[in-house]
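In the numbering used here, the protein residues as written are 75 to 414. Glycine is no exception: its CB is placed at the ideal position from the N, C-alpha and C atoms. Please read all numbers here as calculations on a predicted model, not as lab measurements.
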Amino acid sequence: MAEYLGMWHARGASAWYDVWWEALAELRAGYGAVIGAGPSEIALHASVSTATSVLASTIDYDRRYKVVTTALDFPTVAYQWLAKRPAGIEVVVVESPDGISVPVEAIAEAVDDRTALVATSHVFFTTGAIQDITAVAQIAHAHGALCFVDAYQSVGQVPVDVHDTGVDFLCAGGLKWLLGGPGIVFLYVRGDLVQQLVPTVSGWFANERQFEFDPHEIQWHSDARRFELGTPSLAAVFAQLGGLEIIREIGVPAVRQVVRDLVDDLIMRATEAGLRPKVASDPKQRAAIVMIPNADPANQVRRLAAASIIADARPGHVRLSPFFYNIKEDNVAAIEILKS
Ligand SMILES: Cc1ncc(COP(=O)(O)O)c(C=O)c1O
Numbered sequence: 075m076a077e078y079l080g081m082w083h084a085r086g087a088s089a090w091y092d093v094w095w096e097a098l099a100e101l102r103a104g105y106g107a108v109i110g111a112g113p114s115e116i117a118l119h120a121s122v123s124t125a126t127s128v129l130a131s132t133i134d135y136d137r138r139y140k141v142v143t144t145a146l147d148f149p150t151v152a153y154q155w156l157a158k159r160p161a162g163i164e165v166v167v168v169e170s171p172d173g174i175s176v177p178v179e180a181i182a183e184a185v186d187d188r189t190a191l192v193a194t195s196h197v198f199f200t201t202g203a204i205q206d207i208t209a210v211a212q213i214a215h216a217h218g219a220l221c222f223v224d225a226y227q228s229v230g231q232v233p234v235d236v237h238d239t240g241v242d243f244l245c246a247g248g249l250k251w252l253l254g255g256p257g258i259v260f261l262y263v264r265g266d267l268v269q270q271l272v273p274t275v276s277g278w279f280a281n282e283r284q285f286e287f288d289p290h291e292i293q294w295h296s297d298a299r300r301f302e303l304g305t306p307s308l309a310a311v312f313a314q315l316g317g318l319e320i321i322r323e324i325g326v327p328a329v330r331q332v333v334r335d336l337v338d339d340l341i342m343r344a345t346e347a348g349l350r351p352k353v354a355s356d357p358k359q360r361a362a363i364v365m366i367p368n369a370d371p372a373n374q375v376r377r378l379a380a381a382s383i384i385a386d387a388r389p390g391h392v393r394l395s396p397f398f399y400n401i402k403e404d405n406v407a408a409i410e411i412l413k414s
């Protein structure tokens with residue numbers, strides 16, 4: 075961020091043609107590397123909402139008019155298609171029997187030959203449960219549908235090899251486990267799909283000849299930049315490059331190891347304190363989101379903040395999210411406040 079501000083003072087927007095342009099290319103490559111994808115499979119976006127709106131615009135819904143999602147997914151995903159209901163799109167929401175995860179069998183039952191897309195999460199934002207996205211992709215493909223995964227709550231804390239999973243599209247970004255802050259995300263599009271898809275929501279960054287400024291025609295990029303829109307926030311790009319450097323230096327598998335230990339410890343302490351944490355029963359399916367049921371979570375979040383513990387509130391729960399920079403003493407301090 076300091077580097078960005080220094081450049082903004084010294085050069086203003088003239089940094090555009092060299093440093094900024096290179097920063098965008100570096101970020102596409104960096105995002106790709108963290109999920110095992112190539113830079114040509116990565117489009118930069120401002121939010122999951124903008125990324126999914128472009129993705130939603132590439133699909134032909136004439137014969138396949140259904141989109142399957144789940145009750146535990148972050149709702150901005152469903153909104154892309156709920157907004158298209160007047161155009162005949164049907165959104166099928168698969169419910170969660172325990173409020174923690176969604177059985178893949180229930181998703182399999184909802185998908186049929188009229189399904190265009192299965193859109194769901196890797197890690198559920200209100201439970202931390204890790205979903206088997208390889209199985210979900212297989213279910214979608216068995217019916218000729220595509221599979222989109224919102225991995226905003228997983229990339230950076232849970233290892234992802236996107237080609238191994240077989241998913242067609244995947245989103246993640248700076249605001250959560252990649253330490254980049256708001257305003258910058260990526261959309262992965264499987265390499266062999268890129269040139270088959272043409273967006274109907276677009277902008278000048280999708281145009282291979284963008285600096286010819288020709289309003290008569292779009293020459294689509296042959297790589298995933300064809301799914302981009304307009305000028306990215308370069309301040310957010312620089313923040314994300316810094317965050318990615320930290321994640322790359324440690325490595326996601328090492329992060330995962332430390333975080334699993336912290337999460338198990340936090341769940342144990344919360345359980346002992348009688349706080350009944352709502353988490354997946356199988357420890358392997360737990361990411362670093364630990365939900366503590368509470369009648370007034372906003373008040374608890376304020377009490378934690380007063381002790382310099384940053385947590386968040388979701389309906390009926392306090393959300394604790396230990397990461398690699400935490401230590402078990404942080405867990406002790408948080409639980410002490412929540413039980414008093
Ligand atoms: C899983 C998940 N997806 C998406 C978002 C946010 O979407 P957007 O980038 O459109 O604000 C969040 C939370 O901020 C989230 O937890």
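- One Cα belongs to Val263, the other to Ala298, and the distance between them is close to 7 Å.
- Annotation for Leu101: the continuous alpha helix (DSSP H) segment containing it runs 93-109.
- Remark: the C-beta of Tyr153 is outside contact range of ligand 1, defined as less than 6 Å to any heavy atom.
- Cβ atoms of Pro396 and Leu340 come within 8 Å of each other, at about 6 Å.
- Three or more Cβ pairs closer than 8 Å define a contact, and the stretch 266-286 falls short of that threshold against the stretch 248-257.
- Glu164 is bridged by DSSP to Lys140.
- Rounded to the nearest whole angstrom, the C-alpha separation of Val234 and Pro327 is 10 Å.
- In chain order, Val178 place their CB closer than 8 Å to the CB of Asp206, counting only its own chain and leaving out the 5 sequence neighbours on each side.
- When secondary structure is reduced to three states using DSSP, Met365 falls in the strand class.
- Each of Arg188, Ala211, Ala214, Val232 was checked against the Cα of Ala203, and the nearest Cα belongs to Val232.
- In chain order, the residues that have a beta carbon nearer than 5 Å to some heavy atom of ligand 1 are Ser121, Val122, Ser123, Phe148, Thr150, Phe199, Asp224, Tyr226, Gln227.
- Contact annotation: the stretch 215-230 does not touch the stretch 75-91, with fewer than three C-beta pairs closer than 8 Å.
- Beta-bridge annotation (DSSP): Val259 is paired with His119, Gly247.
- Residue state for His391 is assigned as strand, using DSSP reduced to three classes.
- Between Ala193 and Thr143, the C-beta spacing is below 7 Å.
- Shown here, Thr305 sits in coil according to DSSP, grouped into three states, outside any helix or strand.
- Secondary structure note for Val329: its alpha helix (DSSP H) is the uninterrupted segment 326-346.
- Segment contact: the stretch 166-174 against the stretch 310-319, fewer than three CB-CB distances shorter than 8 Å; contact not assigned.
- Per the Cβ contact rule, the stretch 274-282 is not in contact with the stretch 137-154 (fewer than 3 Cβ pairs under 8 Å).
- Taking a 10 Å sphere around the C-beta of Thr345, we find fewer than 16 other C-beta atoms and assign the residue as exposed.
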